[in-house]
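Colleague: Once you know that position 238 of the sequence shown is 240 in this note's numbering, the rest is easy, because the numbers rise by one and skip nothing. The structure follows.
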Amino acid sequence: MNIDGLKFSVIGGGIGGLAAALALRQRGAQVTLLEQAAALTEVGAGLQISANGMSVLRAMNVVGETPDGGQLSHGTILRDYRKGRAISRIPPPAAGPTYYYHRADLLDLLHRAALDAGVDIRLGAQVIEVVKHPGEAEVVLDSGERLRSECAIAADGGRSAIRPVLNGPEAPQFTHQIAWRATIPWSHRDETPSASLTMGPGRHVVTYPLRDQRLMNVVAIEERSDWQQEGWRLTGDPDDLRARFADFGGPVRDVLSEVTQTNLWALFLRPVAQNWQNGRLALLGDAAHPTLPFMAQGACLALEDAWILARSFEEQSGVTQALAAYESRRRIRATRVVAAAGANARNFHLRGPMRLAAQMALMAIGPRLSRKYEWIYTYDATA
Ligand SMILES: Cc1cc2nc3c(=O)[nH]c(=O)nc-3n(C[C@H](O)[C@H](O)[C@H](O)COP(=O)(O)OP(=O)(O)OC[C@H]3O[C@@H](n4cnc5c(N)ncnc54)[C@H](O)[C@@H]3O)c2cc1C
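Structural data, given as structure tokens:
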């Protein structure tokens with residue numbers, strides 16, 4: 003269908019919402035993006051964007067062929083926690099390299115592209131309800147204002163308040179995993195900048211460079227059952243972080259010793275949504291398929307969603323058909339990637355003899371490991 007002038011309300015100004023707004027606007031739609039925060043900001047530092055996410059950013063002209071602002075990855079080094087000994091090196095996927103982005107930089111690129119394309123971005127606009135009418139979706143803001151459009155897209159994240167409109171109430175469940183995140187100034191230059199994944203019992207640490215190796219991004223994950231806080235994100239104590247990873251040696255110990263500020267995320271999840279759309283309202287990104295971060299694919303999936311959503315409108319004859327096509331194209335893939343990330347929660351945190359056996363296997367097959375996940379990276383939503 004021709005979506006020139008068709009009105010869309012996109013709820014949420016994260017990576018998913020901005021990408022969806024841009025992809026729709028680039029096809030002529032009239033898009034209003036509603037973000038509850040007073041400014042578009044991302045906390046939590048780094049993001050790995052693999053080839054499947056990069057192809058969407060390139061197709062939307064958000065980045066060029068050799069993207070500015072992204073740090074080219076030369077692969078991932080797997081390490082044992084005790085002395086940081088390298089067990090294996092996973093080369094970049096055959097599908098194409100991964101880039102490491104500072105979240106604020108990627109958000110800024112998407113934000114500027116959306117503004118330039120003519121997306122109407124409204125900040126401080128919290129959506130409290132979406133009502134379906136014949137031929138229309140009505141979005142209700144906390145201010146009492148009501149906006150009508152032909153279609154609403156809820157990209158309001160893992161705690162989506164709009165998802166219950168389609169799926170009823172479902173409280174997110176604590177996964178017993180906590181993520182500590184930090185960035186530290188970095189001065190070492192590596193000819194082949196890579197990520198490091200250091201695995202120990204019940205914990206792992208991922209580090210990779212950002213912004214032309216001037217920053218090092220740190221994500222330290224630990225299994226914990228004692229989370230009592232209501233909030234998802236808290237300011238952490240760097241000494242507590244070091245104490246919890248005190249038995250980690252080698253390069254990661256040096257990195258953790260430099261941390262002066264850190265935040266903690268309790269990782270809560272809902273399952274992949276049962277219902278993604280009702281013919282006028284659709285879920286996108288974490289709102290539809292929140293994932294553990296252990297495949298580094300949540301933002302990449304949101305980018306794929308955005309492109310497939312816009313393309314479904316191009317290819318289908320009406321809004322209802324387009325949203326149904328979007329859901330059927332995205333559900334299986336998103337579910338499979340979310341499951342792969344969940345499996346890594348176990349693989350990365352093995353204990354005792356299981357860990358030693360897994361290390362032997364990794365030594366043998368490590369260089370071929372990226373092939374196991376090639377189905378994730380070779381997927382090109384824009385093809
Ligand atoms: C530790 C960690 C590491 C990660 N690493 C990676 C990685 O390396 N690669 C990768 O691809 N992914 C990674 N992810 C996942 C990625 O961060 C998310 O999947 C992605 O940010 C989801 O984007 P989104 O736009 O769907 O949701 P969000 O980023 O959560 O954005 C939702 C937006 O909606 C707004 N909003 C919420 N409710 C309302 C409302 N009612 N009205 C208006 N606005 C609203 C919010 O303020 C927010 O701006 C990681 C996640 C974690 C926790």
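Cβ coordinates follow ideal geometry from the N, Cα and C atoms, glycine included.
Using DSSP with H/G/I as helix, E/B as strand and the rest coil, what is Lys374?
Modeller: Mapped onto the sequence shown, residue 374 falls at position 372. Looking at Lys374 - three-state DSSP - the assignment turns out to be helix.
Colleague: DSSP has Met218 in a bridge; who is on the other side?
Modeller: Reading the sequence shown from its first residue, position 216 is the one you call residue 218. Per DSSP, Ile186 and Pro211.
Colleague: Considering only DSSP beta bridges, list what Leu285 is partnered with.
Modeller: One-based indexing of the sequence shown puts residue 285 at position 283. BP columns for Leu285 point to Ala156.
Colleague: From Glu260 to Val220, what does the alpha carbon distance come to, in whole angstroms?
Modeller: For the purposes of this step, residue 260 is taken as residue 258 along the sequence shown, with counting starting at 1. For the purposes of this step, residue 220 is taken as residue 218 along the sequence shown, with counting starting at 1. C-alpha separation (whole angstroms): 11 Å.
Colleague: Only counting runs of 3 or more residues, tell me where the beta strand (DSSP E) segments fall wholly within the stretch 231-316, in order along the chain.
Modeller: Runs found: 235-238, 264-271 and 283-285.
Colleague: May I ask you to check if the CB of Trp309 is nearer than 7 Å to at least one heavy atom of ligand 1?
Modeller: For the purposes of this step, residue 309 is identified with residue 307 of the sequence shown, where counting begins at 1. Flag unset: Cβ of Trp309 not near ligand 1.
Colleague: Three or more beta-carbon pairs under 8 Å between the stretch 110-122 and the stretch 52-65, yes or no?
Modeller: The answer is yes - the stretch 52-65 touches the stretch 110-122, with three or more Cβ pairs under 8 Å.
Colleague: Below 6 Å CB to CB, which residues in the same chain sit around Ala1 once its five sequence neighbours on both sides are set aside?
Modeller: Here the chain comprises residues numbered 3 to 385, so residue 1 is not present and cannot be evaluated.
Colleague: Measure the C-alpha to C-alpha separation of Asp107 and Tyr210 and round it to an integer number of angstroms.
Modeller: Translated into the one-based positions of the sequence shown, residue 107 becomes position 105. Translated into the one-based positions of the sequence shown, residue 210 becomes position 208. Taking the straight line from one Cα to the other gives about 16 Å.
Colleague: Return the residue from the list Asp122, Ser145 and Ile123 that minimises the CA-CA distance to Ile130.
Modeller: Counted from its first residue, the sequence shown places residue 130 at position 128. Comparing Cα-Cα distances from Ile130 to each of Asp122, Ser145 and Ile123, the minimum goes to Ser145.
Colleague: Take the Cβ of Asp70 as the centre, count every other Cβ of all protein chains shown within 10 Å, and call the residue buried at 16 or more, exposed below.
Modeller: Here residue 70 refers to the residue found at position 68 when the sequence shown is read from its first residue. Result: exposed.
Colleague: Run the CB neighbour count on Leu24, radius 10 Å, all protein chains shown included, and call it buried at 16 or more, exposed below.
Modeller: By one-based count along the sequence shown, residue 24 stands at place 22. By the neighbour-count rule (16 or more Cβ atoms within 10 Å), Leu24 is buried.
Colleague: In the structure shown, what three-state DSSP assignment does Ser11 receive?
Modeller: Counting from one through the sequence shown, the residue named residue 11 turns up at place 9. Note: Ser11 maps to strand in three-state DSSP.
Colleague: Let me check you understand the geometry: is the CB of Gln38 closer than 7 Å to at least one non-hydrogen atom of ligand 1?
Modeller: Locating residue 38 in the sequence shown gives position 36, where the first residue counts as 1. Checking the Cβ of Gln38 against ligand 1 gives yes.
Colleague: Of the residues Tyr83, Ile51 and Gly126, which one's Cα is nearest the Cα of Gly98?
Modeller: Residue mapping note: residue 98 aligns to position 96 of the sequence shown, counting from 1. It is Ile51.
Colleague: Hey, how far is the Cα of Pro195 from the Cα of Tyr379?
Modeller: On the sequence shown, position 193 is the one that residue 195 refers to. On the sequence shown, position 377 is the one that residue 379 refers to. One C-alpha to the other measures close to 20 Å.
Colleague: Give, in chain order, every unbroken run of the beta strand (DSSP E) that is at least 3 residues long and sits entirely within the stretch 51-85.
Modeller: Counting only runs of 3 or more, we get 78-82.
Colleague: Consider the C-beta atom of Val340 and the heavy atoms of ligand 1; say whether any pair is separated by less than 7 Å.
Modeller: Along the sequence shown, read from residue 1 onward, the residue named residue 340 stands at position 338. Val340: no, Cβ never under 7 Å from ligand 1.
Colleague: Go through the stretch 121-172 residue by residue and report every complete run of the alpha helix (DSSP H) that reaches 4 residues or more, in order.
Modeller: Segments of the alpha helix (DSSP H) lying fully in the stretch 121-172: 165-169.
Colleague: Evaluate Ile13 with the Cβ neighbour count: other Cβ atoms within 10 Å of its Cβ, from every protein chain shown; 16 or more gives buried, anything less gives exposed.
Modeller: As a first step, residue 13 is located in the sequence shown; it is residue number 11 there, counting from the start. It is buried - the Cβ of Ile13 has at least 16 other Cβ atoms within 10 Å.
Colleague: Do the stretch 282-297 and the stretch 327-346 meet, that is, are 3 or more Cβ pairs less than 8 Å apart?
Modeller: Flag = yes, the stretch 282-297 and the stretch 327-346 touch.
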